[in-house]
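Heads up, the sequence shown is in the UniProt record's numbering, so the first residue is 1 and it goes up one at a time. Beta carbons: idealized from backbone N, C-alpha and C, even for Gly. In what follows, a single structure is set out as structure tokens and then discussed.
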Amino acid sequence: MVIGLARIDDRLIHGQVATRWTKETNVSRIIVVSDEVAADTVRKTLLTQVAPPGVTAHVVDVAKMIRVYNNPKYAGERVMLLFTNPTDVERLVEGGVKITSVNVGGMAFRQGKTQVNNAVSVDEKDIEAFKKLNARGIELEVRKVSTDPKLKMMDLISKIDK
Numbered sequence: 001m002v003i004g005l006a007r008i009d010d011r012l013i014h015g016q017v018a019t020r021w022t023k024e025t026n027v028s029r030i031i032v033v034s035d036e037v038a039a040d041t042v043r044k045t046l047l048t049q050v051a052p053p054g055v056t057a058h059v060v061d062v063a064k065m066i067r068v069y070n071n072p073k074y075a076g077e078r079v080m081l082l083f084t085n086p087t088d089v090e091r092l093v094e095g096g097v098k099i100t101s102v103n104v105g106g107m108a109f110r111q112g113k114t115q116v117n118n119a120v121s122v123d124e125k126d127i128e129a130f131k132k133l134n135a136r137g138i139e140l141e142v143r144k145v146s147t148d149p150k151l152k153m154m155d156l157i158s159k160i161d162k
């Protein structure tokens with residue numbers, strides 16, 4: 001399995017993902033990796049139906065993604081992995097999935113989170129996961145759309161993490 005893009009975006013599959021990112025990364029599958037979403041039948045069903053033409057969408061939990069990644073049946077597949085948070089990315093990497101770069105596209109502001117730019121808000125759990133991913137040498141770049149300049153997630157965190 002070749003990972004064309006690993007992206008954190010709590011909106012998951014939406015216009016930019018369906019049109020721009022899938023074309024630019026040349027993927028044949030979008031895989032939403034989330035224990036929470038995989039357990040929600042309605043969300044799961046909706047997400048599998050909104051993939052653009054020529055691309056199939058799947059929703060799996062973290063454990064299943066680790067199994068699928070290591071299955072030779074999918075060796076030639078080029079995929080986009082979508083996550084709602086960095087903790088799930090970190091769990092996947094700990095499980096042996098080779099991710100070299102993570103695009104952070106959107107993490108909505110909620111109570112207990114701190115906004116680091118107009119699209120990304122984090123809490124302590126997110127910061128801890130990003131630090132662990134960074135320590136593994138994984139690129140953490142922030143862009144809402146592919147034409148945005150790349151910002152370094154750790155630079156944004158360092159401004160609030162005093």
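TODO: With a 10 Å radius around its C-beta and 16 neighbouring C-beta atoms as the bar for buried, classify E90 as buried or exposed.
DONE: buried
Task: L92 in three-state terms, based on DSSP - done: helix
Task: Residue closest to I160, alpha-carbon to alpha-carbon, out of M1, G76, R20 and V116 - done: V116
Task: C-alpha gap between V120 and G4, whole angstroms - done: 22 Å
TODO: From the DSSP output, in three-state form, read off D123 for me.
DONE: coil
Open item on the list: So V102 and I157 are supposed to be a Cβ contact under 8 Å. How far apart are they, rounded?
Closed with: Actually they are not in contact, since the Cβ atoms of V102 and I157 sit about 13 Å apart, beyond 8 Å.
Task: Length of the line joining the Cα atoms of M154 and N134 - done: 8 Å
Task: Coil, strand or helix - L133 by DSSP - done: helix
Open item on the list: According to DSSP, simplified to helix, strand and coil, what is T87?
Closed with: helix
Task: Residue ranges of each alpha helix (DSSP H) within the region 2-87, 4 or longer - done: 22-25, 35-38, 41-49 and 62-69
Task: Environment of G106 [buried if 16+ CB atoms lie within 10 Å] - done: buried
- [ ] Return the Cβ separation of D35 and V62 in integer angstroms, given the expectation that the two are a contact with Cβ distance under 8 Å.
- [x] 6 Å
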